[in-house]
Amino acid sequence: MLARTRSKKRTEITFVLPAGHPAGEVSVVGDFNGWRPGAHPLVERPDGSRAVTVTFPVDQHHGFRYLADGGHWLDEEGADGHDGRNCLLHT
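Per our numbering, numbering of the sequence shown is gapless, rising by one per residue and ending at 899.
Shown next as C-alpha cells:
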C-alpha cells in the first residue's frame, strides 16, 4: 500500500507492507536511492505492518520495488503503474 501526503513542493510517500508478509527484512529500493538495499528499510509498526516514509519533490516519476531477505523482489499493487520490470510512482 502507498499512502501519500502532498504539499506545494514535496510529496511524502509511505510504503507499507502487511504484517508477516514477507518474513524477514524488507527495504524499498528504486532510482531515488540508487537501488541500494537497506537504504530505506521498512520498520515494524504497532499493528505488525511495516513501513517507511520517503520525501520526494513534486511532479517526478520513479521506478521502485521491494527487496526482501534472500534477494526476493516484490511489487506494489497500489503503484501508479508498471513498466514491465519495475513499479512506477508519480509524486
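Note that beta-carbon positions come from the ideal geometry of N, C-alpha and C, so glycine has one too. None of these values were measured; they are calculated from a predicted model.
Item                                                                                                    : Value
Bridge partners - residue 863, DSSP secondary structure assignment                                      : 820
Residue closest to residue 856, alpha-carbon to alpha-carbon, out of 847, 870, 830                      : 830
N- and C-terminal bounds of the beta strand (DSSP E) containing residue 880                             : 880–882
Buried or exposed by the 16-neighbour rule on C-beta atoms within 10 Å, applied to residue 879          : exposed
Inter-stretch contact (C-beta, 8 Å, three-pair minimum) for the segment 881–896 and the segment 849–864 : no
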